[in-house]
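Chains D and P are the protein sequences, given in the same order.
Just so we're aligned, residue 0 is where the first sequence starts under numbering that gives the first Met the number 0, counting upward by one.
Just so we're aligned, residue 0 is where the second sequence starts under numbering that gives the first Met the number 0, counting upward by one.
Ideal placement from N, C-alpha and C gives every residue a C-beta, glycine not left out.
To start, the structure itself, in structure tokens.
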Amino acid sequence: MPGKLFVRRRDGRVEVRLNDAGRTVIREAFAHVVAAERDPDHDWHLSLNAPINPSKDDDDPLSALARQNEIATNAELSIMTLKEQFLNDAEAWAWLSTLQVALRSIAVVNGILSDEKLESCEHELLEEIRTIQQLLFDLAACF
Amino acid sequence: MTSLKRLRSSSIESDVQRDVDTNVVVVTKRPWNVIVWNDPVTPMTVVVVVFKRIFGYSNNKCTHLMLTVHHEGRAVVWSGERERAESYCVKLQVAGLQSTVEQDA
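See below:
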């Protein structure tokens, strides 16, 4: 399957076929998620802490903590496995989740809440979004 | 055996008595819904994969739910107890989907 960025092998592992440039894109996305989870002043922090039950003033702190832990764990596992050529299922899932969190955060902080807004955003931003979407598309095909 | 029979008989009688005498008020708890909201950037295949992974639904059901989100702006992807609804909502958010819980109207 030439051209695929991620391929599920018969032994269950996911092969990563990214070059240095591809891994750099991914590393930046993962690093932003880790930083945003730790730093309340990070641009992405609010998008990682969206309401669970909007009808309440405050969400259940245990649910919020569980979310924070899981996002941070996924992002840290993703960074730790960044240079691997093969990922096991849990690692590949962490990559997918963290990339998707990064994609949505980019959209939220740039006010991209509709298709029209997406199409009219700056070229560089649109390119970044399309790149992450392509990575996600290929990775999702492995599940 | 005799005593068992007596027990069974009296038990049935008391059930009948209770059915006749008691005014039972049935209170139905309204379920909590897990809602997934549409957004313009998430690839459709990612939504399907996340639903499959978290809920274990069939491919057809996941695709149907994804299309409902896409066309209607939102979809109820699970209903039931509040604690489980919040837990599923958190899992969806951890996977990067926009999700909330609300009590059924």
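At the C-beta level, Ile105/D and Phe29/D stay beyond 8 Å of one another. At a cut-off of 8 Å between beta-carbon atoms, Glu69/D makes contact with chain P. Contact of Pro50/D with chain P by beta-carbon distance below 9 Å involves Thr99.
For the 8 Å CB-CB criterion, Leu95/D and Ala139/D form a contact.
Ile34/P is bridged by DSSP to Val75/P, Thr99/P. Distance between Glu71/P and Asp19/D, taken at the CA atoms: about 40 Å. Assignment of Glu80/P by DSSP, reduced to helix, strand and coil, places it in the coil class. Taking the CA atoms as reference points, Phe50/P sits about 6 Å from Cys61/P.
In this structure, Ala84/P sits near Trp31/P, with a CB-CB distance shorter than 8 Å.
With respect to Val48/P, Phe142/D sits close: the two C-beta atoms are nearer than 8 Å.
Per DSSP, the continuous alpha helix (DSSP H) segment holding Phe29/D begins and ends at 19-37.
Interface residue (Cβ-Cβ distance to chain P less than 8 Å): Val100/D is classified as such. For Phe29/D, the nearest beta carbon of chain P is not closer than 8 Å to its own beta carbon.
Within chain P, no C-beta atom comes less than 8 Å from the C-beta of Leu125/D; the nearest is roughly 10 Å away.
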